[in-house]
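Student: Below is a structure I'd like to ask you about.
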Amino acid sequence: MTSRVFLILALAVAPIPLPAAGLAATEPVHASTAAICTVTSGPEYYAFPLAATDNIPGTGFARGRAEIAVPAQSPFPIALAADGSYVYDVQVAIDNMRAPRSGTLVAWVTTPDLDRVERIGSLGETLRASGAVSWNKFIVVVTLESGDDPEAATWSGPIVFRGMSRSGAMHTMVGHGALQQENCTSYGYGG
Amino acid sequence: MRPAAAAPAFFTVALLAVMAAPALGQHEGHDMHEMHGMTMEGGWRMVPMDPNMPMLPGLAEAVPVVGAFLPGMGMDPSMLPAARPSEVVEMGDGDTLAISVSMVRRTIEGHEMVMYGYNGQYPGPLIQAPKDATLVVQVTNEIQTPTTIHWHGIRLENRFDGVPGVTQDAIEQGESFTYEVHVPDAGMFWYHPHVREDVQQDLGLFGNLHVTSPDPEYYGPAHREEVFVLDDILMDDQGPLPWGDSAPTHALMGRFGNVMMVNGETDHRLTVRRGEVVRFFLTNVANTRTFNLTFGGARAKIVASDIGRYEREAWVPSVVIAPAERYVVDVRFDEPGEVAIANTIQAINHFRGVFYPHVDTLSMVTVTEERAEASVSEAFETLREHEAVQTEIDDFRQWFGREPDHELETAVRVRDLHNSIMLSMEADTLYFPPIEWNDGMPMMNWLSTGEQVTWILRDRATGAENEDIDWRFRVGDVVKIRIFNDPDSFHPMNHPIHVHGQRFLVLSVDGVESDNLVWKDTAIAPVGSTMDLLVEMSNPGEWMIHCHIAEHLSAGMMFGFTVEP
Chain D
1 MTSRVFLILA
11 LAVAPIPLPA
21 AGLAATEPVH
31 ASTAAICTVT
41 SGPEYYAFPL
51 AATDNIPGTG
61 FARGRAEIAV
71 PAQSPFPIAL
81 AADGSYVYDV
91 QVAIDNMRAP
101 RSGTLVAWVT
111 TPDLDRVERI
121 GSLGETLRAS
131 GAVSWNKFIV
141 VVTLESGDDP
151 EAATWSGPIV
161 FRGMSRSGAM
171 HTMVGHGALQ
181 QENCTSYGYG
191 G
Chain Y
1001 MRPAAAAPAF
1011 FTVALLAVMA
1021 APALGQHEGH
1031 DMHEMHGMTM
1041 EGGWRMVPMD
1051 PNMPMLPGLA
1061 EAVPVVGAFL
1071 PGMGMDPSML
1081 PAARPSEVVE
1091 MGDGDTLAIS
1101 VSMVRRTIEG
1111 HEMVMYGYNG
1121 QYPGPLIQAP
1131 KDATLVVQVT
1141 NEIQTPTTIH
1151 WHGIRLENRF
1161 DGVPGVTQDA
1171 IEQGESFTYE
1181 VHVPDAGMFW
1191 YHPHVREDVQ
1201 QDLGLFGNLH
1211 VTSPDPEYYG
1221 PAHREEVFVL
1231 DDILMDDQGP
1241 LPWGDSAPTH
1251 ALMGRFGNVM
1261 MVNGETDHRL
1271 TVRRGEVVRF
1281 FLTNVANTRT
1291 FNLTFGGARA
1301 KIVASDIGRY
1311 EREAWVPSVV
1321 IAPAERYVVD
1331 VRFDEPGEVA
1341 IANTIQAINH
1351 FRGVFYPHVD
1361 TLSMVTVTEE
1371 RAEASVSEAF
1381 ETLREHEAVQ
1391 TEIDDFRQWF
1401 GREPDHELET
1411 AVRVRDLHNS
1421 IMLSMEADTL
1431 YFPPIEWNDG
1441 MPMMNWLSTG
1451 EQVTWILRDR
1461 ATGAENEDID
1471 WRFRVGDVVK
1481 IRIFNDPDSF
1491 HPMNHPIHVH
1501 GQRFLVLSVD
1511 GVESDNLVWK
1521 DTAIAPVGST
1531 MDLLVEMSNP
1541 GEWMIHCHIA
1551 EHLSAGMMFG
1561 FTVEP
């Protein structure tokens, strides 16, 4: 533990190496000085952690979390898009970390195939951002951007945190488990 | 994976893999289509399944542990009167209606079958009555099994609530019971049996009771009103799949149908004029299916629900309606052509681990070129605020912030299920959706019966479960009930929770406060959610709270509470 504290202090005073994108990195915060992310709304069951990528320094003790909740304006206990997909308010929170000195942490949602990206918003000084998502499976990505462009179609900086929605845990049983000897090709898998 | 969990998980997967081998031979030797309709032990027939979905090992010849039941088994349907579409019955204060519960002949998807009907109709008669009327309904049971009528959502006198063993004895074949139904609230209500709903309701015993307000502007202007009773039924090419005799099948997820119906019709159609505003009164009478009703892109606004209007009307992309709920929605059809009113969902294929879009057309609307009267079309643009509703709710806001008076949590207990089902369920517990829109595991679901599955409502304070819960209130109490639909169980699922004889507000879901309240009698608790209800205890008697998935109710998910005068 002592060596970890020393490492943190050393990092705090040492010149911070820049990430590949040429952006200033973030400063770590000792675990005892910041609360761990807590659920403020939405069902605990569908909240999910955001794991650091270690692409930039200062995130070793950081904790990330995404919470989802039904929008308040829905007249139903759930909210759906026209195609039947769930609509959620998404809250992204990072703790045990300070906002970067330069550059901006921005939260995004993307599909598991990464073919569609939507911007949630800048995390700002509080390292919090909120937005909406209307996909049933999605990934929340937090990146370090050189600027804060609300019109940006996708990210250009390094990914700092990422996490998959709980629904991402639902996986195919084809070819393993009880169905390991099934003919995968007949179900559209493999060849 | 945590080391402690590794060994049992490995064992589970390994055992499943070993068990897979013999079944695969059976599967390949018996194409699912060939097995469909095959008579099995005890008069059962194989449950319809997507032929692309493989069967779990050892289940090819498995049947539910209860006996098979079909109404009028062995009876020639042609000997029965053909059921007629629902007829409107206008009733005034003190009027009497005779309702006969009988077997009828229905034809669905070309199959002639024995079903049940109220007065030989499907749905039962649409009763229309003014608010504050008292209706006398004489019910005679002519089917083989006992029945009652529950007046869903009506805050009526307790002895007419239709709960056998609590408010009355069940009506045996050949016997009668007279209900006095006082209707203190305006809205669209419905009536159905409270005996084996999974069978009797599924076979056609349901009807609407429309209580009209004396206020001519209670709703906004509309060109016409349509009543849509949403339902589904599980059939194969021989007719309806048998139901369980002593206990329901499909106890895990409820009996999803594979044929959709509006007002008992599989080919429902409407013709409207361009710009016509149609007010739909929606009731979901399905055993377990929650519908997501879409209107082909036509603009829709939600107006009212179970027991009256929302504080304000709101635009909605769709209407999510759980079993037993009602919604009133105004829809304007602007573009000439064909518009499909559909159940539009993202279904789950558990085998492939994916969501996939699925659309079932429920009704086809033909929009003609002729223009509807313009002033009504224009008035549709206004979202009305209902000050009277807000004022009435204002009286209850003092209780909104209080701590819950009672907390319930859900659970499910299973025993003696087939090993394949147990192992598969235990291995596939990483994700459960908030709402089960489809039966993604039809074989496992079918084989789970009310004798093996117990659904539970548990009082968190006392640990009491289901009928052991003993809540007592006094008339005038306003009670906050928190319901946690615990996802940490064998098979969590959404539950439409129904409170008899009272009305409630859904204050919040997962801490997110509702900003547009409406009085309800049924509200769905999605998986993992925490829902706060504020119940006005206005009506004395012995009442029930239960899940309105018919199979969950039969599998124990209910308890009584007392409201002292």
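Line by line, the protein sequences give chains D and Y. Residue numbers for the first sequence follow my numbering, beginning at 1 and rising by one. Residue numbers for the second sequence follow my numbering, beginning at 1001 and rising by one. By construction, the Cβ of each residue, glycine as well, lies at the ideal position given by its N, Cα and C atoms.
Would a check of beta-carbon distances place residue 70 of chain D closer than 7 Å to chain Y?
Tutor: Put simply, the CB of residue 70 of chain D is near chain Y, with a gap under 7 Å to one of its CB atoms.
Student: Less than 7 Å between CB atoms is the rule here; does residue 82 of chain D satisfy it with respect to chain Y?
Tutor: Cβ-Cβ to chain Y under 7 Å: yes for residue 82 of chain D.
Student: Determine the extent of the alpha helix (DSSP H) in which residue 1447 of chain Y is found, giving its start and end residues.
Tutor: 1442-1447
Student: Roughly how many angstroms lie between the CA atoms of residue 100 of chain D and residue 157 of chain D, to the nearest whole one?
Tutor: Cα to Cα, the separation comes out at about 13 Å.
Student: Indicate the three-state DSSP secondary structure (helix, strand or coil) for residue 1552 of chain Y in the structure shown.
Tutor: helix
Student: Can you find the residues in the same chain that come closer than 6 Å, C-beta to C-beta, to residue 1408 of chain Y, ignoring five residues on each side of it along the sequence?
Tutor: 1457 and 1483
Student: In chain order, what residues of the same chain lie with their CB nearer than 6 Å to the CB of residue 1510 of chain Y, ignoring the 5 residues before and after it?
Tutor: 1529 and 1530
Student: Looking at chain Y, which residues of the region 109-137 of chain D have a Cβ within less than 8 Å of any of its Cβ atoms?
Tutor: 136 and 137
Student: Residue 1052 of chain Y: buried (16+ other C-beta within 10 angstroms of its C-beta) or exposed?
Tutor: With fewer than 16 Cβ atoms within 10 Å of its Cβ, residue 1052 of chain Y is classed as exposed.
Student: Starting from the beta carbon of residue 65 of chain D, find every residue of chain Y whose beta carbon is closer than 7 Å, and list them in chain order.
Tutor: The premise fails here: residue 65 of chain D is roughly 15 Å from chain Y at the closest Cβ pair, so nothing lies under 7 Å.
Student: Shorter than 6 Å, the distance from the beta carbon of residue 1321 of chain Y to the closest heavy atom of the ligand ATP, or not?
Tutor: For the ligand ATP, the structure offers nothing, since it holds no ligand at all.
Student: What are the complete alpha helix (DSSP H) segments, minimum 4 residues, inside the region 1186-1217 of chain Y?
Tutor: 1197-1200
Student: Three or more beta-carbon pairs under 8 Å between the region 1164-1180 of chain Y and the region 1133-1148 of chain Y, yes or no?
Tutor: With a cut-off of 8 Å, the region 1133-1148 of chain Y and the region 1164-1180 of chain Y count as touching, because enough Cβ pairs lie within range.
Student: If you drop the 5 nearest sequence neighbours on each side, which residues of the same chain put their C-beta closer than 8 Å to that of residue 1314 of chain Y?
Tutor: 1301, 1302, 1383 and 1516
Student: Which residues, in order along the region 1369-1402 of chain Y, keep a beta-carbon less than 8 Å from a beta-carbon of chain D?
Tutor: Within the region 1369-1402 of chain Y, no residue qualifies.
Student: For residue 1213 of chain Y, collect the residues of the same chain with a Cβ closer than 7 Å to its Cβ; drop the 5 residues on either side in sequence, then sort them by chain order.
Tutor: Excluding sequence neighbours, residue 1213 of chain Y sits near 1131 and 1186.
Student: Closer than 8 Å by C-beta to residue 51 of chain D: which residues in its own chain qualify, once you throw out the five before and the five after it? Chain order, please.
Tutor: 64, 161, 162 and 163
Student: Please state whether DSSP places residue 1077 of chain Y in a helix, a strand or coil.
Tutor: In this structure, residue 1077 of chain Y counts as helix in the three-state DSSP scheme.
Student: So, is residue 1105 of chain Y buried or exposed, given that buried needs 16 or more other C-beta atoms within 10 angstroms?
Tutor: buried
Student: Please confirm whether residue 1555 of chain Y and residue 1410 of chain Y have their CB atoms less than 7 Å apart.
Tutor: When the beta-carbon positions are compared, residue 1555 of chain Y and residue 1410 of chain Y stay at least 7 Å from each other.
Student: Alpha carbon to alpha carbon, what distance is there between residue 1348 of chain Y and residue 1600 of chain Y?
Tutor: No answer is possible for residue 1600 of chain Y: the residues shown for chain Y start at 1001 and end at 1565.
Student: Run down chain Y in chain order and give the residues with a C-beta less than 9 Å from the C-beta of residue 49 of chain D.
Tutor: Under the 9 Å cutoff, chain Y gives no residues; its nearest Cβ is about 15 Å from residue 49 of chain D.
Student: Who are the near neighbours of residue 1403 of chain Y in its chain, counting only those whose CB is closer than 8 Å to its CB and skipping five residues on each side?
Tutor: 1480
Student: Quick one: using the 10 Å Cβ neighbour count with 16 as the cut-off for buried, is residue 1324 of chain Y buried or exposed?
Tutor: It is buried - the Cβ of residue 1324 of chain Y has at least 16 other Cβ atoms within 10 Å.
Student: Spatial neighbours of residue 1549 of chain Y within its chain, please: C-beta separation below 7 Å, excluding the five flanking residues on both sides.
Tutor: 1254, 1287, 1288, 1323, 1495 and 1496
Student: If distances are taken between C-alpha atoms only, which option among Y:1216, Y:1431 and Y:1470 comes closest to residue 982 of chain Y?
Tutor: This structure cannot speak to residue 982 of chain Y, because chain Y is shown only from 1001 to 1565.
Student: Residues of chain Y with CB under 8 Å from residue 73 of chain D, in chain order?
Tutor: 1314, 1515 and 1516
Student: For residue 1424 of chain Y, which three-state DSSP category applies?
Tutor: Reduced to three states, the DSSP call for residue 1424 of chain Y is helix.
Student: Can you tell me where the beta strand (DSSP E) holding residue 1311 of chain Y begins and where it ends?
Tutor: 1308-1315
Student: Going along the chain, which residues of its own chain have a beta-carbon closer than 7 Å to the beta-carbon of residue 138 of chain D, five neighbours each way excluded?
Tutor: 109, 110, 111 and 165
Student: Looking only at its own chain, which residues have a Cβ that is under 6 Å from the Cβ of residue 1564 of chain Y, when we skip the five neighbours before and after it?
Tutor: 1474
Student: Within 10 Å of its beta-carbon, does residue 28 of chain D have 16 or more other beta-carbons around it, so buried, or fewer, so exposed?
Tutor: The pLDDT assigned to residue 28 of chain D is 48, lower than 50, so where the model puts this residue is not dependable, and the model offers no usable value.
Student: Just confirm the distance between the C-beta atoms of residue 1279 of chain Y and residue 1215 of chain Y, as a whole number of angstroms; I'd bet it's less than 8 Å.
Tutor: Their Cβ separation, rounded to whole angstroms, is 15 Å, which puts residue 1279 of chain Y and residue 1215 of chain Y out of contact at 8 Å.
Student: Are the C-beta atoms of residue 1546 of chain Y and some chain D residue less than 7 Å apart?
Tutor: no
Student: Between the region 1233-1267 of chain Y and chain D, which residues of the former have a C-beta closer than 7 Å to a C-beta of the latter?
Tutor: Listed by position, the residues of the region 1233-1267 of chain Y near chain D (Cβ gap below 7 Å) amount to none.
Student: Give a yes or no on contact between the region 1218-1228 of chain Y and the region 1166-1180 of chain Y, applying the rule of three or more CB pairs nearer than 8 Å.
Tutor: no
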